[in-house]
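This report concerns only the one structure given below.
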Amino acid sequence: MKRKKKPRWRTNFHVFEGNAWVMPSAGAAKTVYKTLLNQFLDQNPSEWSLVSGFFQHQPVLAFLWDPARTAPLADMVAQAATAAGGQELAAEAKDTLLTQLLARRVGLQANEGPFDTLTAHHPKGKPVWDLED
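Those letters in the sequence shown? Residues 32 to 164, per my numbering, in order.
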């Protein structure tokens with residue numbers, strides 16, 4: 032039986048893995064996001080991205096990380112998301128979301144240089160965003 036490989040995305044210097052969870056509410060996603068962000072502030076921001084927002088009209092929490100350097104952070108995010116009632120996003124939707132998030136991350140880095148994390152800002156000024164808007 033072949034073992035299925037985890038999807039990985041490559042940027043200039045990093046290979047990223049990712050995961051995403053559908054959260055029970057926007058409030059739960061925001062709470063987990065803020066809690067984790069405060070814990071991650073001392074970590075190198077070029078090696079991870081934590082995102083809270085909406086995807087396919089559902090509140091989500093997503094995390095991209097460099098598996099060679101920040102794998103323990105991924106475990107923390109998974110534990111926090113599931114403890115708050117999050118369910119892993121379906122594989123096809125997860126691949127779409129994570130691909131879009133990585134593309135956004137690479138684009139932002141090209142235009143603005145390093146940054147702490149992707150944040151949940153809607154391009155129309157709304158407090159949250161949905162990548163399908």
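Where a beta carbon is used, it is the ideal one built from N, C-alpha and C, also for glycine.
Predicted model only: the values in this text are computed from it and were never measured.
Once you ignore the five residues that flank residue i on each side, which residues in its own chain have a CB closer than 8 Å to its CB?
i	result
residue 49	38, 40, 93, 94, 95, 96, 125, 129, 132, 133
Express the C-alpha separation of residue j and residue i in angstroms, rounding to a whole number.
i	j	result
residue 87	residue 60	15 Å
residue 55	residue 117	6 Å
residue 107	residue 65	13 Å
residue 74	residue 136	17 Å
residue 89	residue 100	30 Å
residue 79	residue 109	14 Å
residue 102	residue 53	21 Å
residue 57	residue 85	8 Å
Could you tell me which residues DSSP pairs with residue i in its beta bridges?
i	result
residue 51	93
residue 110	Residue 110 pairs with nothing; no bridge assigned.
Identify, in the order they occur along the chain, each residue of the same chain with its Cβ nearer than 6 Å to the Cβ of residue i, setting aside the five sequence neighbours on each side.
i	result
residue 83	60, 61, 64, 92, 151
residue 51	91, 93, 120, 125, 128
Under a CB-based cut-off of 7 Å, is residue i close to chain C?
i	result
residue 58	Looking at the structure shown, chain C is missing, and only one protein chain is on hand.
Problem set entry | Segments of 3+ residues assigned as beta strand (DSSP E) that fall wholly inside the segment 54–103 | 79–86, 89–96
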